[in-house]
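Below is one structure, written out as structure tokens; the observations come after it.
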Amino acid sequence: MGNLAACCRSFWCKPKNPDIRISLPAVCFVWQIAMIILFGLFVRYDDESDAHWSEHKAINYDTINGLYNLFEHFDVHVMIFVGFGFLMTFLKRYSFGGVGFNFLIAAFGLQWALLMQGWFHSLDPNDGLIKIGIENIINADFCVAGCLIAYGALLGKVSPVQLMVLTLFGITLFAVEEYIILNVLHVRDAGGSMVIHTFGAYYGLTISWILYRPKLDQSKNLSGSVYHSDVFAMIGTLFLWMYWPSFNSAIADHGDGQHRAAINTYLALAASVLTTFAISSLSAKKGKLDMVHIQNATLAGGVAMGTAAEFMISPYGSLIVGFVCGIISTFGYLVITPFMEKYLKIQDTCGIHNLHAMPGVLGGVVGAITAATASESVYGHEGLVNTFDFEGNYAKRTPATQGGFQAAGLCVALAFGIVGGAIVGFILRLPCCWGDPSDENCFDDEVYWELPEDEESIPPILEYSSHMVGKNTDMMSQSNFTVEQS
Amino acid sequence: MGNLAACCRSFWCKPKNPDIRISLPAVCFVWQIAMIILFGLFVRYDDESDAHWSEHKAINYDTINGLYNLFEHFDVHVMIFVGFGFLMTFLKRYSFGGVGFNFLIAAFGLQWALLMQGWFHSLDPNDGLIKIGIENIINADFCVAGCLIAYGALLGKVSPVQLMVLTLFGITLFAVEEYIILNVLHVRDAGGSMVIHTFGAYYGLTISWILYRPKLDQSKNLSGSVYHSDVFAMIGTLFLWMYWPSFNSAIADHGDGQHRAAINTYLALAASVLTTFAISSLSAKKGKLDMVHIQNATLAGGVAMGTAAEFMISPYGSLIVGFVCGIISTFGYLVITPFMEKYLKIQDTCGIHNLHAMPGVLGGVVGAITAATASESVYGHEGLVNTFDFEGNYAKRTPATQGGFQAAGLCVALAFGIVGGAIVGFILRLPCCWGDPSDENCFDDEVYWELPEDEESIPPILEYSSHMVGKNTDMMSQSNFTVEQS
Amino acid sequence: MGNLAACCRSFWCKPKNPDIRISLPAVCFVWQIAMIILFGLFVRYDDESDAHWSEHKAINYDTINGLYNLFEHFDVHVMIFVGFGFLMTFLKRYSFGGVGFNFLIAAFGLQWALLMQGWFHSLDPNDGLIKIGIENIINADFCVAGCLIAYGALLGKVSPVQLMVLTLFGITLFAVEEYIILNVLHVRDAGGSMVIHTFGAYYGLTISWILYRPKLDQSKNLSGSVYHSDVFAMIGTLFLWMYWPSFNSAIADHGDGQHRAAINTYLALAASVLTTFAISSLSAKKGKLDMVHIQNATLAGGVAMGTAAEFMISPYGSLIVGFVCGIISTFGYLVITPFMEKYLKIQDTCGIHNLHAMPGVLGGVVGAITAATASESVYGHEGLVNTFDFEGNYAKRTPATQGGFQAAGLCVALAFGIVGGAIVGFILRLPCCWGDPSDENCFDDEVYWELPEDEESIPPILEYSSHMVGKNTDMMSQSNFTVEQS
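Laid out in structure tokens, this is it:
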């Protein structure tokens, strides 16, 4: 029995070896080759992108429409790569990992998402092939966003190999969950409060819970920011904030829905900024603001409008949602994150529970209520049908029923996030060559990156002094000189 | 009498207490709640954003048009949040305040601008409600730009509470001034040389004059930049520079006017860059360039084309305007800003007099001249009517009269800026809990922000050494060791 | 004879004097005035931008089309100014020069490009004037890209005056080369693998070869990066990466060609990221990644798709191209750049040989093969005609012939790059007041910029200590105090 325990311990608790020289190239090469093969077998251009288009381009509307998507697309693209990427540069010595691994998993994830979402949504029944166009690319970006949110909880604590695995499973789970919510339950969720934010956040938090590191405080000298890393993170915050109206409106109903989604998101975001500043100031001695709040909680209004943005929630309704979310989210950073870390053993580096989980769930609830209370007097008959897509099999749905389905959609997102996260978390704990850092080397780019030799921004002054002694006897002799003079 | 003087002194010259723990949250909460109530009472979706749209969408042109605005919008949005925000990160220890307070006042300002501009421009006479759509959002961004320009003069010297007040009054003044200039006087000013830049700059400069700080040189060790803060500021410069053609063309006449506005602005900006580099190099020993000039004066051409961009000023005309503005603006940084600070008691942190005031006035004058000299031979009859909107009540206006009205518009913008700035300046000097920093604490994020503990980029080496003595006896013992050896 | 040699030596090897106080302003002023005169003589608005447009706007399609270009344009604009600019900030002490001189030469280059390309492509035969519109502006950005690529090889080693000369000749050569390739040979190259990347890279590399600096290792302490300069460079990388699909599709055939170009580029870029990470990790001890590879080689897929992106290369074909390019490009940084520097005497600061030259040539070859193997079964008859523009004089061309012409185009681009670079290189070596830095002052902003006084990120600790001794006797006395105590 003691033997078994020792055996188990040695099985589970091998000393960490963050060497990824074999594993990372292997994963990248094998998976990229797999993508090429799968794309070769399954993926072709859709009608608008195929050279045969010129033969049947009769309807001009399609072109206009397509162009629209093309541009809308690049806004979302900026959010994924610059927005999420730079938001994660805030740590003093993990900026390379923040923006670099974000780049890696987004680039892999979008290929896998084109396939997974393609099988569910863009399969041509005639030839069994996936036909991709610009709209698929937007959807792939959305899919990737779920995994990047999950990365936020794990920032600095996992290896790129683990992140690739997290992405592979995350995209797969996302595609299934999205299919169930949007197609089977026929739920509206244009900006993904449920599908993207709730799923992504609980997926990441559950993995973080399973990969709990009891001795993480050994890395605490690296778990903060420095002055300029906080400014870098503001690049991410602002690009997310500015383009969030595009994010929530990109796949909303063309026409009025898209306009409404942009306006509502915009207003909710603006209200979040004011309440974030208010709570941040209120909570600190002398009213000093905390950059962590400004970088994150200001975005909470956009998350919470993900479902309801295309509904007739009305401008002041959007402001109220933003108002509440700014408060909740900042409060989360002040109280809930420390509580979760201490008592629930969930270490959440970027505070995604405050920025994505809570506002996402709230957004799902707001969406359900707004849907349930929709009426023909507000939407008009045709408007109601358009907005909730009460056509075909769903022609007989009432707003009240739709509200119920919206709530069911939220539960599905939660379930997929938690159960999926648990499974992936256990996989990532399997004693294998994951290459994750030991507890005292977390939040340190030194582990996975060749760092330039520079003294700047190395935080503990101890290291600095040893540098000086080691490298620079010159200074010491200067010092001696002064001493002798005195 | 002596008593009264003493009383006055104690009334006006209370020691500064930069504690904003009550005032900032109070202002944010109260004003955001006021916004929610006012939006609830007054604001609804416009036709294109309302769910009833599908019932009368007959004219396809509207949609295309709307989409156009939607995208154009996000360019302007980027200028407001990233452009202005990062342009103000150049100070070595006020980057948080630069980008952070810019974010706060823009988020508040755009809500208030939607209301103020809505009352003047988008009021539905049938029900007395404001109907907002994407175009309102662009206009709100323009309105906010005026206040952000004013912030440039005050950067580092005022509290966020004062900035909120400055924004509240600034937006109000802007909306009235804009109504008088564009609607009453029927002046053309698509890119806002007068309405935005001249007004905003004189508003800020007048406030700065009234809030003159005689002992500001006590903060001079923080009033410069460091290497990386200058690079951050270039992010702002470049995003402003790149999207300025969108700014000047966003609300120009759809069709040819918009194309022309983009081309003219683009050419003027390009010419400004060359003359800025030339004058900057010419003015320094060994021809060394100054980052302050490159960050700011390169944009002067865009400011000066704000009025005339949509006119037939011709490509070489735009180049000439940009050529002159690059010279004037750089010259302003070299000569006029120091002169104003020393003799006129106007402290202008970002040099908005050089980037916005002078080029803005010049832009107004160029616009008036270009309008006055417009002719049917150049514009065509229909083109002239379209460009200057000589329709309805204004059908009988001639280009010469229009030129006069353009000049009158410039005077209105100046008057609103100076008088409005004087009033707001006095309000901000009232002895009240403004929380502004004392003269020796200006340009310091320490006052309003929880700063990360880092040694990097703390400028005075004195502090550095005290750090070393305080925290790190290790190094000293190393030093001793060396000494003993010698 | 000995006299002649000495005379020659003193002629060619004058000590460097990097004073540009006369030369830079002179070049900027004279050339900008020349631009104004030439624009005055030759440049007018095109139909869509002229006020007469309203008289004949009958076809609505033009407007839509125009708007489309307008927006597409600003994506490319961002790549030129932020993308290329920030990519070149990676050096620890040449960030000002990287982003600043990029700004200068782009602003000059686009004016000159409007003229040069205008004479070749937009000349109105009726009046001999160039008619410019939004599309000319996109093309000017493309033209400028060639010169910015060339700057990458020379970064930190030339003066701004030399860069202006390089740009003047570069734009001229580009316009001629482009005319020969696109119009005379009727080659398709929408994203410019040949016209832009191959030409620009060999132009820069040849100049660098001629300006070889044998003692460049005297500046090697400044030839690396620091932590935050690498993060700045990632801003450039990501904006280039995200908008590359716009770059390759901007001037592709409207309709399906544009969609296809965006999708293909997107896929190739994604595949490049994975193989770059793989090779970078594989090549280093413990699998540590190198930021130089991530910043550059991840973009190689976009370069290599410049020609074939609008063809029916199929999604998996794009992935294969990206896969191969990520490998080749990273391998180039590891092996070829050091080899070229040591044995071929080509010093390539940014490694443009790996990012532009090799992928550009590969892109030309891929384009030629894809064109040669095009068939009606894949493209459809009309699609084939549209894609390769087999109309008018070229109606009888077959795909096979087209493939041959594509290959010929690649040779023309190579020839122009190498011969043009040789000529310009010799001009830039003429003993003249170029103001270029001496070998020990390369990669140093100190030479051309007024730098803020800050200790941060000055690399050699020696300087640091001298600072301490020079400026801060306080610390020394502290030190003494400790000594006396002991």
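Chains as they are written, first to last, in UniProt numbering: chain A, 1 to 486; chain B, 1 to 486; chain C, 1 to 486. No residue lacks a Cβ here, since even glycine has one placed at the ideal position from N, Cα and C.
In the structure shown, the three-state DSSP call for Ile132 (chain C) is strand. Close to Leu430 (chain A), with beta-carbon spacing below 7 Å, lies no residue of chain C; the smallest spacing is near 20 Å. Taking C-beta atoms as the reference points, Ile181 (chain A) and Phe142 (chain A) fail to come closer than 8 Å. Taking CB atoms only, Ile134 (chain C) has a neighbour in chain B less than 8 Å away. Contacts between His259 (chain A) and chain B, judged by CB atoms closer than 7 Å, involve Glu48, Ser49, Gly66, Gly133, Ile134 in chain order. Non-local C-beta neighbours of Glu177 (chain A) in its own chain, meaning closer than 7 Å and more than five positions away in sequence, comprise Val195, Phe199, Val412, Ala413, Phe416, ordered along the chain. For the region 425-454 of chain C, the set of positions with a beta-carbon nearer than 9 Å to some beta-carbon of chain B reads Gly435, Asp445, Glu446, Val447, Tyr448, Trp449, Glu450, Leu451, Pro452, Glu453, Asp454 in chain order. Per DSSP, the continuous alpha helix (DSSP H) segment holding Val161 (chain A) begins and ends at 160-178.
When the five nearest sequence neighbours on each side are left out, the beta carbons in the same chain lying within less than 6 Å of the beta carbon of Phe323 (chain C) are those of Ala271, Thr275, in order along the chain. In the structure shown, Tyr45 (chain C) falls within a strand segment according to DSSP collapsed to helix, strand and coil. Check the Cα spacing between Gly257 (chain C) and each of C:Val321, C:Gly383, C:Leu267, C:Ser329: the tightest is with C:Gly383. If you check the CB distance, Gly170 (chain A) and Tyr203 (chain A) come in under 8 Å.
Assignment of beta-bridge partners to Trp31 (chain A) by DSSP yields no partner. DSSP, read as helix, strand or coil, puts Trp434 (chain B) in coil. Under DSSP, the beta-bridge partners assigned to Leu123 (chain B) are B:Ile130. In the DSSP assignment, Glu382 (chain B) falls within the alpha helix (DSSP H) that extends over 381-388. Taking a beta-carbon distance threshold of 8 Å, Thr373 (chain C) does not count as an interface residue toward chain B.
Classified as buried, Cys325 (chain A) has 16 or more neighbouring CB atoms from the shown chains inside 10 Å of its CB. Those residues of the region 334-361 of chain B placed with their C-beta closer than 9 Å to a C-beta in chain A do not exist.
Where Met305 (chain B) is concerned, there is no enclosing alpha helix (DSSP H), because DSSP gives it neither an H nor an E. Beta-bridge pairing by DSSP links Trp449 (chain C) to B:Leu289.
Here the C-alpha atom of Ile346 (chain B) lies approximately 24 Å from the C-alpha atom of Tyr448 (chain B). Chain-order list of chain A residues neighbouring Thr275 (chain C): Cys28, Phe29, Gln32, by C-beta distance under 8 Å. Under the three-state reduction of DSSP, Arg93 (chain C) is assigned to coil, being neither helix nor strand. The DSSP-derived three-state label of Ile20 (chain C) is coil. Considering only C:Leu334, C:Gly192, C:Gly317, the residue with the shortest C-alpha distance to Val361 (chain C) is C:Gly192.
The Cβ of Asp127 (chain B) sits no closer than 8 Å to any Cβ of chain A. Residue environment for Val82 (chain B): buried (at least 16 other C-beta atoms within 10 angstroms of its C-beta).
A Cβ of chain A is located within less than 8 Å of the beta carbon of His228 (chain C). Nearest to Asp189 (chain A) by alpha-carbon distance, out of A:Ser249, A:Lys157, A:Ala268, is A:Ser249.
The beta-carbon distance between Asp290 (chain B) and Glu450 (chain C), rounded to whole angstroms, is 5 Å. This is short enough to meet the 8 Å contact definition. DSSP places Phe416 (chain B) in the helix class (H, G or I) of the three-state scheme. According to the DSSP assignment, Arg260 (chain A) belongs to the alpha helix (DSSP H) that extends over 256-282.
Within the region 309-338 of chain B, complete alpha helix (DSSP H) segments of at least 4 residues are found at 315-331, given in chain order.
Closer than 8 Å to the CB of Asp75 (chain B) there is at least one CB belonging to chain C.
At a cut-off of 8 Å between beta-carbon atoms, Met88 (chain A) makes no contact with chain B.
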